[in-house]
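A.B. asks: Note that this note's numbering has the sequence shown beginning at 64, numbered continuously upward.
Got a structure here, written out as structure tokens. Questions coming.
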Amino acid sequence: MLETAEGLHQSDLIDKRRMLEIQALCQSAVEPISPNDIKALRESLNVSQSVFAVLLNTSISTVQKWEIGDRHPSGLSLKLLNIVKRHGMSALA
């Protein structure tokens, strides 16, 4: 459905406001991510905790706490982690 709407938007058959509404409706739910999954995700991307923190706009200590389970990502951080999990770091570049 989203691809069809994008085609209609590119053809100027759907305005920007309507396209944003459709995109919001098509967004998938944000799934919680375990500490082990966060560490595995970072390692699969071959980046250090400091690089991962910069890319997610958070601190190194926050990434460390996520990975050992002292803190759990929520809100925007959890959303960014889900995006990176699905689309890789290029989605944030």
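Beta carbons: idealized from backbone N, C-alpha and C, even for Gly.
Here the structure is a predicted model, which means the values were calculated and not measured.
Quick check on this structure: which residue in R80, M152 and A116 has the alpha carbon closest to the alpha carbon of E130?
C.D. replies: A116
A.B. asks: Alpha carbon to alpha carbon, what distance is there between L108 and K102?
C.D. replies: 10 Å
A.B. asks: So does the stretch 142-156 actually touch the stretch 84-98, counting three or more Cβ pairs closer than 8 Å?
C.D. replies: Yes: the two stretches touch, three or more of their Cβ pairs being nearer than 8 Å.
A.B. asks: Can you tell me which of the three DSSP states V126 falls into?
C.D. replies: helix
A.B. asks: So L65 packs on C89, CB below 8 Å; how close in whole Å?
C.D. replies: Taking 8 Å as the upper bound for CB-CB distance, L65 and C89 are in contact here, some 5 Å apart.
A.B. asks: In three-state terms, what does DSSP make of N99?
C.D. replies: helix
A.B. asks: Once DSSP output is grouped into helix, strand and coil, what is the label at R134?
C.D. replies: coil
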